[in-house]
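From first to last, the protein sequence lines are chains A and B. Add 63 to the 1-based position in the first sequence for my numbering, that's all there is to it. Add 1 to the 1-based position in the second sequence for my numbering, that's all there is to it. Working notes, beginning with the structure itself.
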Amino acid sequence: MEKFTTLTGVAAPLPMVNIDTDKIFPAVYLKTIKRTGLSKHLFEEIRFRPDGSENPDFVLNQKPYRNAKILVGGENFGCGSSREHAPWALLDYGIRAVIAPSFADIFYNNCFKNGLLPITLPQSEVDLLLEDAKKGANAILTIDLEKGTITRPDGGTLSFTIDPFRKHCLLEGLDDIGLTEKQAGAISAFEEETRRSRPWLFNITEGAS
Amino acid sequence: MAQPRTLFDKIWQSHLVSEQDDGTCLIYIDMHLVHEVTSPQAFEGLRLAGRRVRRPDATIAVADHNVPTSDRSRGIDDPESRLQVDTLEENVRAFKIPYFPVTDIRQGIVHIIGPEQGLSQPGMTIVCGDSHTATHGAMGALAFGIGTSEVEHVLATQTLLQRRPKNMRVAVEGSLPFGVSAKDVILAIIAKIGTAGGTGHVIEYAGSAIRGLSMEGRMTLCNMTIEAGARAGLVAPDETTFAYLKGRPYAPKGASLEKAFAYWRTLPSDRGVFYDREVSIEASAIAPHVTWGTSPQDALPITGRVPDPALEKDPSRRAAMERSLQYMALKPNTPLVEVAVERVFIGSCTNSRIEDLRAAAAVAKGRRVAKGVRALVVPGSGLVKRQAEEEGLDRIFLEAGFEWREPGCSNCMSMNADRAEHAERIASTSNRNFEGRQGKNAKTHLMGPAMAAAAAVTGHIADVRELS
Ligand code: SF4
């Protein structure tokens with residue numbers, strides 16, 4: 064996983080509530096067996112018109128925002144399905160951070176597994192950043208994960224917090240599975256104990272074809 | 002005396018492998034369900050790192066999202082769908098994971114077959130790379146959806162890194178009125194608490210109306226927990242649960258079952274336990290519900306009218322309503338029963354179990370699908386289909402002009418040939434009315450199976466209580 068330390072880039076405003084994962088990445092494209100190249104369909108239904116041309120009203124189709132690295136969204140961002148294609152498509156587009164008043168749980172988790180930083184801030188502070196994000200080419204924010212700060216175009220800063228463990232993994236670009244494998248002893252001990260106390264939980268699917 | 006604990010607390014504590022100072026927990030997973038859409042990248046990850054699957058005996062795989070629901074003996078036409086199913090088949094062979102093939106009678110939607118086969122059991126932790134995994138909470142298990150990286154993590158380690166969610170209790174007391182199903186209960190709950198109402202929580206559904214539900218009804222209820230934003234939803238295991246499980250293929254048997262029964266009886270929440278949040282709803286006040294918008298919280302009693310955004314004070318909510326109504330091509334104040342439909346879908350992991358099909362068939366019996374309406378009935382599994390046929394439900398549907406199809410996710414989501422192609426308005430028993438979910442510009446109205454059958458035979462959204 065790519066490390067996340069600091070990020071400076073254009074922030075795009077997307078002030079809709081309940082942006083669901085079907086909106087971020089439509090179900091019909093879930094047939095891929097790859098994690099890459101998904102940005103083609105990012106926000107497809109609102110980004111393109113029925114004839115396939117770009118919808119000029121959609122923020123990422125407007126000049127300064129084509130290279131946005133940050134999204135500023137509304138409440139309950141990423142609700143709906145568990146598809147990790149949503150963060151994969153955002154990353155593939157070049158988005159490395161999403162700032163919103165709240166996130167849906169699974170989407171929030173999925174972001175961390177891929178080096179995408181979801182930042183939760185109170186609505187009043189998100190509103191300030193939305194104002195900043197409307198400044199087009201001047202909508203530049205700098206996020207410093209270590210310090211937990213967002214620097215606004217006027218130089219002012221806002222602070223945010225992230226679980227220490229998740230922060231550590233992002234800063235170091237650590238792979239969860241590798242970390243968990245270091246606890247192999249504890250996992251085996253847990254299995255031994257469960258085998259004694261709840262033996263029916265073993266060899267459950269044996270006998271299926 | 003020990004601190005009183007909730008059902009969720011008990012399951013969580015009995016699966017805790019370790020806990021870090023900052024509260025990150027390593028949780029053991031008892032059952033892992035795998036389907037073709039969210040697993041290919043996880044298996045690829047295992048291969049790249051040279052890892053194996055730790056517990057194939059606690060894993061089961063099935064293809065459901067991409068399978069055609071017409072005759073499938075000739076295979077899958079769509080090359081991308083076929084590749085995804087073929088990839089799953091290659092992966093289950095390579096990693097020795099038990100699998101129900103597409104032509105097996107046990108094949109079906111992953112959330113239907115878990116309980117049906119007795120794979121989902123009380124007190125378990127159950128995960129699947131699919132947000133509707135909460136369905137299995139009906140068994141009294143902690144079941145939740147995960148992303149693909151987490152699928153890979155479970156395959157490799159049989160554990161997950163998680164933060165402990167909070168406890169929420171949703172009580173429905175009293176008895177449900179005539180014509181009101183579990184689907185109406187969950188739509189009413191989501192309308193009340195909102196799509197983010199359960200975020201960060203595990204919901205325990207309780208109260209006499211919930212205890213009175215069949216296992217099928219409890220599954221419908223738990224299924225849509227994610228639509229209320231909660232991590233998982235569960236119902237305490239009781240005699241209804243035990244009777245359902247007994248004799249299922251993968252449920253414990255003999256002495257093992259006796260031991261399991263004794264353990265399962267210790268699981269229900271203790272008296273006087275604290276919940277971080279409590280909500281209660283009077284069962285007698287719940288009417289059949291339908292949705293009018295593009296979020297599951299946009300649900301109203303069938304007697305209602307399409308709401309008017311002009312009356313909404315919150316500006317972001319008003320904007321969302323306006324957008325929904327524009328997408329749904331609906332005018333404010335239209336009575337819901339006057340909204341005509343072009344398509345009806347009875348199926349999905351929310352409502353494709355035998356009880357759902359019986360409820361829909363009771364309405365369809367002796368009636369005809371309205372002119373200009375296409376109505377699909379898609380059983381949740383091969384076994385549900387067989388049982389329905391033994392009961393003669395297929396005849397009732399076919400005589401009434403419904404299509405009777407092979408099991409799968411079908412028109413719940415647009416990944417297979419059943420998607421709506423002409424921006425139709427759909428009366429659907431599925432769980433999400435998001436824009437584009439059932440087909441490009443398709444307009445979804447969520448409702449229960451009897452209500453969907455009523456829409457099919459009348460040609461518009463209808464109050465099933467007036468038909469029966
Ligand atoms: S039936 Fe629908 S919601 Fe259920 S697993 Fe299939 S696609 Fe997902």
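Glycine included, each C-beta is placed from N, C-alpha and C at the ideal position.
Just to confirm before moving on: does the CB-CB distance between B/A261 and B/P253 stay below 8 angstroms? yes
Are the C-beta atoms of B/D65 and some chain A residue less than 8 angstroms apart? Not an interface residue.
Kindly say whether A/I240, judged by its beta-carbon, lies nearer than 8 angstroms to any beta-carbon of chain B. yes
Every unbroken beta strand (DSSP E) within the segment 271 to 307 of chain B, with a cutoff of 3 residues, ordered by chain: 278 to 283, 290 to 292, 300 to 302
Give the range of the alpha helix (DSSP H) segment to which B/L399 is assigned. 394 to 401
Contacts of B/E81 in chain A (Cβ-Cβ under 7 angstroms): K94
What does the Cβ neighbour count give for A/N266, buried or exposed, with the cut at 16 atoms within 10 Å? exposed
Within 7 angstroms: the Cβ of A/N139 and any heavy atom of ligand 1? Flag unset: Cβ of A/N139 not near ligand 1.
Nearest-angstrom beta carbon gap, B/V54 and A/I250 [assumed within contact, 8 angstroms]: Going by Cβ atoms, the distance from A/I250 to B/V54 rounds to 14 angstroms, so no, they are not a contact pair.
Can you tell which of B/A157, B/G195, B/R164, B/A189 has the C-alpha that lies nearest to the C-alpha of A/Q246? B/A157
By DSSP's criteria, A/T183 is part of a beta bridge. Which residues make up the other side? Its beta-bridge partners are A/A163.
Using a Cβ distance threshold of 8 angstroms, determine whether the segment 444 to 459 of chain B contacts the segment 176 to 186 of chain B, with at least three qualifying pairs required. Cβ pair count under 8 angstroms is three or more, so yes.
Boundaries (first-last residue) of the beta strand (DSSP E) holding A/M64: Counting along the chain, A/M64 falls outside any beta strand (DSSP E), and DSSP gives it neither H nor E.
Got a sec: is the Cβ-Cβ distance from A/I82 to anything in chain B below 8 angstroms? no
Under three-state DSSP, which class holds B/V37? One point to set straight first is that residue 37 of chain B is Glu, not Val, in the sequence displayed. The answer is coil: DSSP assigns B/E37 none of H, G, I, E or B.
Per DSSP, what kind of secondary structure is B/A376 in: helix, strand or coil? Strand, per DSSP.
Return the CA-CA distance between B/E37 and B/R107, expressed in angstroms with no decimal places. 16 angstroms
Cβ-heavy atom distance between B/I187 and ligand 1 below 7 angstroms? no
Could you give the first and the last residue of the continuous alpha helix (DSSP H) run that contains B/G255? 255 to 265
Against chain B, with Cβ distances strictly below 8 angstroms, would A/S116 count as a contact? no
Which residues in the same chain as B/L8 place their Cβ atom closer than 8 angstroms to its Cβ, once the five residues preceding and following it in sequence are excluded? G141, E205, L235, A237, L268, P269, S270
For B/P80 and A/G236, what's the separation of their Cα atoms in angstroms? 36 angstroms
B/F145 - DSSP class collapsed to helix/strand/coil: The three-state secondary structure of B/F145, taken from DSSP, is strand.
A/E188 versus chain B: which residues are under 8 angstroms apart at the beta carbon? Result: empty, since nearest Cβ-Cβ is about 16 angstroms, beyond 8 angstroms.
My guess is that B/P99 and B/P41 are in contact by the Cβ rule of under 8 angstroms, so how many angstroms apart are they, rounded? No, B/P99 and B/P41 are not in contact; Cβ-Cβ is about 18 angstroms, not under 8 angstroms.
Pick helix, strand or coil for A/A202, following the three-state DSSP scheme. coil
Just verifying my parser: in three-state terms, what is the DSSP assignment at A/D83? Strand, per DSSP.
In the DSSP output, what is B/M448 paired with across the bridge? DSSP output for B/M448 lists no bridge partner at all.
Just verifying my parser: in three-state terms, what is the DSSP assignment at B/T160? Three-state DSSP puts B/T160 in a strand.
How about B/P99: is its C-beta nearer than 8 angstroms to some C-beta of chain A? yes
List the residues of chain A that B/H154 touches, going by C-beta distances under 8 angstroms, in chain order. D239, I240, T243
Going by beta carbon distance, what residues of the same chain come within less than 7 angstroms of A/R146, once the five residues before and after it are set aside? T84, F88, L93
With a Cβ-Cβ cutoff of 8 angstroms, do B/G146 and B/Y251 count as a contact? no
Taking the CB atoms as reference points, tell me whether B/A135 and B/T226 lie closer together than 8 angstroms. yes
Is the CB of A/D284 under 8 angstroms away from at least one CB in chain B? Only positions 64 to 272 of chain A appear in the structure, and residue 284 of chain A is not among them; the question remains open.
Any contact of the segment 394 to 411 of chain B with the segment 318 to 335 of chain B, i.e. 3+ C-beta pairs under 8 angstroms? no
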